[in-house]
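Comments concern the structure below.
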Amino acid sequence: SALPTPNEYSDLYIWTDGEGKPYPKAEVNLVHGLYQRDGAYWVNFFDHQPALNYGFSRIDYPSWEKGIDSLA
Numbered sequence: 456s457a458l459p460t461p462n463e464y465s466d467l468y469i470w471t472d473g474e475g476k477p478y479p480k481a482e483v484n485l486v487h488g489l490y491q492r493d494g495a496y497w498v499n500f501f502d503h504q505p506a507l508n509y510g511f512s513r514i515d516y517p518s519w520e521k522g523i524d525s526l527a
């Protein structure tokens with residue numbers, strides 16, 4: 456995931472789009488400068504605990520923000 460070239464693990468963790476770019480809509484702990492990849496990764500607490508990308512990082516309209524009527 457930390458390699459500079461895309462590979463099968465590139466999207467395993469949550470990364471920013473480039474070095475020095477903030478993560479949109481979130482105040483999170485980011486680690487940068489430790490690896491060859493251009494960007495920073497989101498951590499859970501310690502830098503050796505990267506947040507796994509379950510797909511929640513790019514949700515535009517999450518279901519928990521919708522009213523109960525829209526879920527039917």
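Per my numbering, numbering of the sequence shown is gapless, rising by one per residue and ending at 527. Glycine is no exception: its CB is placed at the ideal position from the N, C-alpha and C atoms. Note that the coordinates shown come from a computational prediction; the quantities given were computed from them, not determined experimentally.
Would you mind giving the Cβ-Cβ distance between residue i and residue j, rounded to the nearest angstrom? I have them listed as a contact below 8 angstroms.
i: G494; j: T471; result: 5 angstroms
i: P459; j: Q491; result: 4 angstroms
i: N499; j: D466; result: 17 angstroms between Cβ atoms; not a contact.
When you compare only the Cα positions, how much space is there between residue i and residue j?
i: N462; j: Y496; result: 16 angstroms
i: D502; j: D524; result: 41 angstroms
i: Y464; j: A506; result: 13 angstroms
i: I469; j: V486; result: 11 angstroms
i: G473; j: N484; result: 15 angstroms
Based on DSSP bridge pairs, tell me the residues matched to residue i.
i: V553; result: Because the chain spans 456 through 527 in this model, residue 553 falls outside it and cannot be assessed.
i: V486; result: Y496
Does the beta carbon of residue i fall short of 7 angstroms from some heavy atom of the ligand MN?
i: A495; result: The ligand MN is absent from the structure shown, which contains no ligands of any kind.
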